[in-house]
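Beneath this line is the structure, given in structure tokens, with notes to follow.
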Amino acid sequence: MEIPENIQHQLNQFQQLQQQAQAVSLQVQNVEVQIQETEKALEELKKTDESTEVFKQAGTLLIKVEYADALADMEDKLETLQLRKQTMTRQEERVMKKLEEMQATIQAAMNGMGQ
Numbered sequence: 004m005e006i007p008e009n010i011q012h013q014l015n016q017f018q019q020l021q022q023q024a025q026a027v028s029l030q031v032q033n034v035e036v037q038i039q040e041t042e043k044a045l046e047e048l049k050k051t052d053e054s055t056e057v058f059k060q061a062g063t064l065l066i067k068v069e070y071a072d073a074l075a076d077m078e079d080k081l082e083t084l085q086l087r088k089q090t091m092t093r094q095e096e097r098v099m100k101k102l103e104e105m106q107a108t109i110q111a112a113m114n115g116m117g118q
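Residues 4 to 118 (this note's numbering) are what the sequence shown spells out, left to right.
Take a look at the structure:
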């Protein structure tokens with residue numbers, strides 16, 4: 004039995020959406036790792052005394068920065084990463100919902116073919 008062109012087109016779109024879902028999922032995981040690393044660095048920074056010398060990595064260099072500046076930078080970075088994760092998680096949910104809808108549509112079309 005040959006698959007009609009319109010259903011084949013839907014299947015192709017479905018596969019593209021699956022790839023997009025995988026990419027978004029990987030991005031969410033990547034941001035989660037960055038959040039964990041930033042939280043750990045922030046935790047370690049807060050354990051130190053304010054008079055401790057703090058260095059920030061800039062490419063291959065380590066640059067001395069003020070404790071308060073380093074703390075503020077890390078807190079800002081953490082907040083930005085958390086917002087990015089929220090946005091990407093919403094995007095992931097939308098893509099997954101669209102996948103479910105497309106799957107139902109394709110299944111209905113395929114079931115209609117067999118009758």
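Beta carbons are placed, not taken as given, at the ideal position from N, Cα and C, and that holds for glycine.
Query: In whole angstroms, what separates the C-alpha of residue 73 from that of residue 29?; Result: 29 Å
Query: At which residues does the alpha helix (DSSP H) containing residue 38 begin and terminate?; Result: 8-50
Query: Indicate whether the contact test is met: 3 or more Cβ pairs, each with one atom in the stretch 47-67 and one in the stretch 88-103, closer than 8 Å.; Result: no
Query: For residue 53 versus residue 70, is the C-beta spacing smaller than 8 Å?; Result: yes
Query: Going by alpha carbons, who is nearest to residue 2 out of 105, 85 and 116?; Result: Absent from the model: residue 2. The displayed extent of the chain is 4 to 118, so no value can be given.
Query: Can you tell me which residues form a DSSP beta bridge with residue 67?; Result: 58
Query: Could you tell me which of 95, 13, 116 and 109 sits nearest to residue 26, measuring between CA atoms?; Result: 95
Query: Helix, strand or coil for residue 5 per DSSP?; Result: coil
Query: Please state whether the Cβ-Cβ distance between residue 68 and residue 59 is less than 8 Å.; Result: yes
Query: When you compare each of 11, 18, 76 and 31 to residue 89 by their alpha carbons, which one comes out closest?; Result: 31
Query: Throw me the rounded Cβ distance for the residue 105 and residue 17 pair, which I believe falls under 8 Å.; Result: 5 Å
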